[in-house]
Amino acid sequence: SQTIHQWPATLVQPVGSPLSLECTVEGTSNPNLYWYRQAAGRGLQLLFYSVGIGQISSEVPQNLSASRPQDRQFILSSKKLLLSDSGFYLCAWSNGISGNTIYFGEGSWLTVV
Amino acid sequence: AQSVTQPDIHITVSEGASLELRCNYSYGATPYLFWYVQSPGQGLQLLLKYFSGDTLVQGIKGFEAEFKRSQSSFNLRKPSVHWSDAAEYFCAVGTQTDSWGKLQFGAGTQVVVTP
Chain P
-15 SQTIHQWPAT
-5 LVQPVGSPLS
5 LECTVEGTSN
15 PNLYWYRQAA
25 GRGLQLLFYS
35 VGIGQISSEV
45 PQNLSASRPQ
55 DRQFILSSKK
65 LLLSDSGFYL
75 CAWSNGISGN
85 TIYFGEGSWL
95 TVV
Chain A
1451 AQSVTQPDIH
1461 ITVSEGASLE
1471 LRCNYSYGAT
1481 PYLFWYVQSP
1491 GQGLQLLLKY
1501 FSGDTLVQGI
1511 KGFEAEFKRS
1521 QSSFNLRKPS
1531 VHWSDAAEYF
1541 CAVGTQTDSW
1551 GKLQFGAGTQ
1561 VVVTP
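Protein sequence lines, in the order shown, are assigned to chains P and A. Counting from 1, position 59 in the first sequence corresponds to residue 43 in my numbering; the numbering is continuous, with no gaps. Count along the second sequence from 1, then add 1450; that gives the number in my numbering.
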C-alpha cells in the first residue's frame, strides 16, 4: 500500500532562518506531489505541485520554493523565513497516471518567531 | 470565479444526534467532489468522493454525501454522531480541466460533539 511521510512534524524557527520540510511517498511511482499550507482558522491553500522530477509549478507568489530531486521526494524550502510563513504545511500525493484522489501526509507545524 | 463554500464555520451536535454539513460550489466544468476530515494537529483523511454515477455516496466512518447538481451542493451527513467525530471537515472540489490534485477547499466546518 502507499504511504506518505513528512518531517519534521513540528518546527520552531527564528525569522530570517532557512527552512527545509521533506516529504516522501512509498508504494507508488511517478506520483503527482503537492504542498499545501493551512493557516490558523483558514482552509487549505495549494502552494506547489509537481508532475515529475524537476517539474515544479507554483500557485502563489511567496517566500517559499519547492524541489523534487527524486521521483517520490518533495522538499519545501525557504532561504529566509518570515513571520507570515507560520502555519501547518501538508504534503500530498495523487496517482500521476489516472489522477483520482489526493492523499495527505500528517503535516508539519511551523512556527516562525 | 470558481469557489467552494461551507456556510457553517462551527456546529455543535449532541452525541447520537444526526449531523449534516453543507457544501456549495461554483464551477463552470463538471466537478469532482470530496469530503475530508482533520483531527487536531493531524493531516486530512478522505471520507468520501464523488466522480460520477450514483449521486448518493457512502464513505468511511458511517458518513454519506449527496451530490445535487441543481443546487450545486454536496452535503455530508451522518445519522448518529459519535464523540470521535469531533473534528474539522473540509469539502473540496476539482474539475476535469485541472490536474487532479489542484483541489479547491472550503474554509472548513468545526464539529463539536457534546455528551
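Cβ atoms here follow ideal geometry from the backbone N, Cα and C, with glycine treated the same way.
Taking only beta-carbon positions, decide if residue 32/P is within less than 8 Å of chain A. no
State the DSSP-derived secondary structure class of residue 1554/A, mapped to helix, strand or coil. strand
Residues in its own chain within less than 6 Å of residue 0/P by CB, not counting five upstream and five downstream? 64
Output, in chain order, the set of chain P residues within a Cβ distance shorter than 7 Å of residue 1499/A. 85
Return the chain-ordered list of same chain residues with a C-beta closer than 6 Å to the C-beta of residue 1471/A, the five sequence neighbours on each side being excluded. 1526, 1539 and 1559
In or out: residue 91/P buried (at least 16 other Cβ within 10 Å) or exposed? buried
Between which two residues does the beta strand (DSSP E) containing residue 37/P stretch? Where residue 37/P is concerned, there is no enclosing beta strand (DSSP E), given that its DSSP letter is neither H nor E.
Identify the contact partners of residue 74/P in chain A, using a Cβ-Cβ distance below 9 Å as the criterion. 1493 and 1494
List in chain order: all unbroken beta strand (DSSP E) runs of 3+ residues lying wholly within the segment 42 to 96 of chain P. 49 to 54, 57 to 62, 71 to 79, 83 to 88 and 92 to 96
CA-CA distance, residue 1480/A and residue 1545/A? 6 Å
My understanding is that residue 72/P touches residue 22/P, with C-beta atoms under 8 Å, so please give their C-beta distance in whole angstroms. 4 Å
When you compare only the Cα positions, how much space is there between residue 1467/A and residue 4/P? 44 Å
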